[in-house]
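Asker: Would you mind keeping the following structure in view while I ask a few things?
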Amino acid sequence: MRAGLGPTITLALVLAVAWAMELKPTAPPIFTGRPFVVAWDVPTQDCAPRHKVPLDLRAFDVEASPNEGFVNQNITIFYYDRLSLYPHFDSAGVSVHGGVPQNGSLWAHLQMLKKPVEHYIRTQEPAGLAVIDWEDWRPVWVRNWQDKDVYRQSSRQLVASRHPDWPSDRIVKQAQYEFEFAARQFMLETLRYVKAVRPRHLWGFYLFPDCYNHDYVQNWETYTGRCPDVEVARNDQLAWLWAESTALFPSVYLDETLASSVQGRNFVSFRVQEALRVAHTHHANHALPVYVFTRPTYTRKLTGLSEMDLISTIGESAALGAAGVILWGDSVYTSSMVSETQPAYN
Numbered sequence: 055m056r057a058g059l060g061p062t063i064t065l066a067l068v069l070a071v072a073w074a075m076e077l078k079p080t081a082p083p084i085f086t087g088r089p090f091v092v093a094w095d096v097p098t099q100d101c102a103p104r105h106k107v108p109l110d111l112r113a114f115d116v117e118a119s120p121n122e123g124f125v126n127q128n129i130t131i132f133y134y135d136r137l138s139l140y141p142h143f144d145s146a147g148v149s150v151h152g153g154v155p156q157n158g159s160l161w162a163h164l165q166m167l168k169k170p171v172e173h174y175i176r177t178q179e180p181a182g183l184a185v186i187d188w189e190d191w192r193p194v195w196v197r198n199w200q201d202k203d204v205y206r207q208s209s210r211q212l213v214a215s216r217h218p219d220w221p222s223d224r225i226v227k228q229a230q231y232e233f234e235f236a237a238r239q240f241m242l243e244t245l246r247y248v249k250a251v252r253p254r255h256l257w258g259f260y261l262f263p264d265c266y267n268h269d270y271v272q273n274w275e276t277y278t279g280r281c282p283d284v285e286v287a288r289n290d291q292l293a294w295l296w297a298e299s300t301a302l303f304p305s306v307y308l309d310e311t312l313a314s315s316v317q318g319r320n321f322v323s324f325r326v327q328e329a330l331r332v333a334h335t336h337h338a339n340h341a342l343p344v345y346v347f348t349r350p351t352y353t354r355k356l357t358g359l360s361e362m363d364l365i366s367t368i369g370e371s372a373a374l375g376a377a378g379v380i381l382w383g384d385s386v387y388t389s390s391m392v393s394e395t396q397p398a399y400n
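All residue numbers for the sequence shown refer to our numbering, where the first residue is 55 and numbers rise by one.
Pasting the structure below:
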């Protein structure tokens, strides 16, 4: 007579089956047919002809460039100045297109959306990733801290100018309502419009969701990487955004402070886990694919990621169930120390 399964193994099997049953289907792979994609989105096309530094990129599933002159790519990033009339303040504090979203013209913005979308994505096929990179303000009022506080200040000033007799608490409450409502409309209607123009692409906003787990600076020894509970709750307030998105694009850029450390691994892991939680929570019958933005170097440096940190970013994202990672970089790579990053990626 065959011995039965032990209670521990039986329990493990039951839990595994239950976990598998809770998983929702996600969008099928759109590039290679493989479940995990590693994409290179760095403007290194001039490295060999201009800088005599050949880069072997055959290991990557997808190659693209964020430079403005490149169109019809597998990955298209729409920066603030490439997608119609995004209201914001520039680096000098000057209002552009109204400054705050409630002072911008959503109607005029939508009227001008089609042209840049059709310019950068010129055909319906093949499918690709389309990322909107709006980082000047955040749609949740309380998240506009530090240099983004100008959006709260301006919102309060707009209300106070119309209601000079109102007490400050009423002004703040009304300013928050007007800002968040307009921010939501700008983001939602933009997504709806661009999806209608290029429905085969997967659309979402860069850095959404975020985890705000940067407290390693203050609490290095006790840092766990966990997303603060309040930020998880605030991400759930953005259910309207997740419902309209067709992909999520979190970021796990590593500061050199986190290099080759357990803290760095935890920083990445919990940011990806939070994106996957959002991806599985806000759609009834399917999960959104998660494409994780990372960099081939540390932030503000051109030092290539260590082997441990490549595993912590690319490997951890794959292990947790992301659809892929996008290694992003700007023109600094082609104008300066590109040769330093070459050995790590060959």
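No residue lacks a Cβ here, since even glycine has one placed at the ideal position from N, Cα and C. Quantities reported herein were computed from a predicted structural model and do not represent experimental measurements.
Roughly how many whole angstroms lie between the Cα atoms of V68 and H142?
Answerer: Locating residue 68 in the sequence shown gives position 14, where the first residue counts as 1. Locating residue 142 in the sequence shown gives position 88, where the first residue counts as 1. Residue confidence is low: V68 scores 40 on pLDDT, short of 50, so the model does not pin down where it sits. Its coordinate-derived value is still stated next. Each residue's Cα considered, the two are about 52 Å apart.
Asker: Considering only the beta carbon of each residue, do S256 and A81 sit closer than 8 Å?
Answerer: One-based indexing of the sequence shown puts residue 256 at position 202. One-based indexing of the sequence shown puts residue 81 at position 27. In the sequence on display, residue 256 carries Leu and not Ser. Result yes, Cβ atoms of L256 and A81 sit closer than 8 Å.
Asker: Measuring alpha carbon to alpha carbon, tell me which residue in V204, L183, L312 is nearest P83.
Answerer: Within the sequence shown, the letter at position 29 stands for residue 83. Here the closest residue by C-alpha is L183.
Asker: Closer than 6 Å by C-beta to R192: which residues in its own chain qualify, once you throw out the five before and the five after it? Chain order, please.
Answerer: For the purposes of this step, residue 192 is taken as the residue at position 138 of the sequence shown. Excluding positions up to five away in sequence, the list reads N198.
Asker: May I ask you to verify whether the region 241-253 touches the region 213-225, counting CB pairs closer than 8 Å and requiring at least 3?
Answerer: As far as the Cβ criterion goes, the region 241-253 does not touch the region 213-225, which means the pair count is below three.
Asker: Taking the beta carbon of S299 as the centre, do at least 16 other beta carbons fall within 10 Å, making it buried, or is it exposed?
Answerer: Stepping through the sequence shown from its first residue, residue 299 is reached at position 245. S299 is buried by the Cβ-count criterion.
Asker: Excluding sequence positions up to five away, which residues of its chain have a Cβ less than 6 Å from the Cβ of G258?
Answerer: Residue numbering aside, residue 258 sits at position 204 when the sequence shown is read from its first letter. Correct list, in chain order: S299, A301, L302, F303.
Asker: How long is the line joining the alpha carbons of G60 and E328, rounded to whole angstroms?
Answerer: In the sequence shown, counting from the first residue as 1, residue 60 sits at position 6. In the sequence shown, counting from the first residue as 1, residue 328 sits at position 274. Bear in mind that the predicted position of G60 carries a pLDDT of just 45, short of 50, making it too unreliable to give a figure here.
Asker: Taking M166 as the reference, which of S371, A338, E179, Y140 has the closest Cα?
Answerer: Position 112 of the sequence shown, counted from the start, is the residue given in the question as residue 166. Among S371, A338, E179, Y140, the Cα nearest to that of M166 belongs to Y140.
Asker: Excluding the 5 residues flanking R238 on each side, which residues of the same chain have their C-beta closer than 7 Å to its C-beta?
Answerer: On the sequence shown, position 184 is the one that residue 238 refers to. Only P193, W294 meet the Cβ criterion.
Asker: Between the region 347-364 and the region 305-315, do three or more beta carbon pairs fall short of 8 Å?
Answerer: Contact holds: three or more Cβ-Cβ distances are below 8 Å.
Asker: Buried or exposed: A297, going by 16 or more other Cβ atoms within 10 Å of its Cβ?
Answerer: On the sequence shown, position 243 is the one that residue 297 refers to. Exposed.
Asker: Looking at the strands, I want to know which residues DSSP matches up with L167.
Answerer: For this step, residue 167 is matched to residue 113 along the sequence shown. Answer is none; L167 lacks a bridge partner.
Asker: Under 8 Å between the Cβ atoms of I380 and I129?
Answerer: The residue given as residue 380 occupies position 326 in the sequence shown. The residue given as residue 129 occupies position 75 in the sequence shown. Taking 8 Å as the Cβ cut-off, I380 and I129 qualify as a contacting pair.
Asker: With a threshold of 8 Å, are at least 3 pairs of Cβ atoms found where one atom belongs to the region 314-328 and the other to the region 262-279?
Answerer: Counting Cβ pairs under 8 Å, three or more are found: they touch.
Asker: Measuring CA to CA, which of R280, F240, L342 is closest to A162?
Answerer: The count along the sequence shown starts at 1 and reaches residue 162 at position 108. The residue with the shortest Cα to Cα distance from A162 is F240.
Asker: Does the distance from the C-beta atom of V326 to that of A333 stay below 8 Å?
Answerer: Numbered from its first residue, the sequence shown carries residue 326 at position 272. Numbered from its first residue, the sequence shown carries residue 333 at position 279. Their beta carbons are not under 8 Å apart, which means V326 does not touch A333 by this criterion.
Asker: Near K168, which residues of its chain fall below 8 Å by C-beta distance, leaving aside the five closest residues on each side in sequence?
Answerer: For this step, residue 168 is matched to residue 114 along the sequence shown. Same-chain partners within the cutoff: Y247, V251.
Asker: Keeping to the same chain, check which residues put their C-beta closer than 8 Å to that of D144; ignore five residues upstream and five downstream.
Answerer: The residue you call residue 144 lines up with position 90 of the sequence shown. Contacts found: V150.
Asker: For the region 138-213, list the alpha helix (DSSP H) runs that are entirely contained and at least 4 residues long, ordered along the chain.
Answerer: Within the region 138-213, the complete alpha helix (DSSP H) runs of at least 4 residues are 160-165, 168-174.
Asker: F262 to T367, Cα distance in whole Å?
Answerer: For this step, residue 262 is matched to residue 208 along the sequence shown. For this step, residue 367 is matched to residue 313 along the sequence shown. Distance between the alpha carbons of F262 and T367 is about 17 Å.
Asker: When the distance is taken between beta carbons, is D190 closer than 8 Å to Y134?
Answerer: Walking along the sequence shown from the start, residue 134 turns up at place 80. Walking along the sequence shown from the start, residue 190 turns up at place 136. In this structure, D190 lies closer than 8 Å to Y134 by Cβ.
Asker: What are the boundary residues of the beta strand (DSSP E) that includes L381?
Answerer: Residue mapping note: residue 381 aligns to position 327 of the sequence shown, counting from 1. That run of the beta strand (DSSP E) goes 378-382.
Asker: Would you list, in sequence order, the uninterrupted beta strand (DSSP E) runs of no fewer than 3 residues that lie entirely inside the region 229-314?
Answerer: For the region 229-314, whole beta strand (DSSP E) runs of length 3 or above, ordered along the chain, are 256-259.
Asker: Taking the continuous alpha helix (DSSP H) assigned at F324, which residues delimit it?
Answerer: Taking the first residue of the sequence shown as 1, we reach residue 324 at position 270. Segment 316-335, the alpha helix (DSSP H) holding F324.
Asker: Rounded to whole angstroms, what is the Cα-Cα separation between T335 and A341?
Answerer: Looking up residue 335 in the sequence shown gives position 281. Looking up residue 341 in the sequence shown gives position 287. So the alpha carbons of these two residues sit roughly 8 Å apart.
Asker: Using DSSP with H/G/I as helix, E/B as strand and the rest coil, what is I84?
Answerer: Start at 1 with the first residue of the sequence shown, and residue 84 comes out as number 30. Reduced to three states, the DSSP call for I84 is coil.
Asker: Determine the direct distance from the alpha carbon of E275 to that of L164, and round the result to whole angstroms.
Answerer: The residue you call residue 164 lines up with position 110 of the sequence shown. The residue you call residue 275 lines up with position 221 of the sequence shown. Taking the straight line from one Cα to the other gives about 48 Å.
Asker: Which residues in the same chain as M75 place their Cβ atom closer than 6 Å to its Cβ, once the five residues preceding and following it in sequence are excluded?
Answerer: The residue given as residue 75 occupies position 21 in the sequence shown. Residue placement at M75 cannot be trusted, given a pLDDT of 41 that sits under 50; the coordinates are not used to answer.
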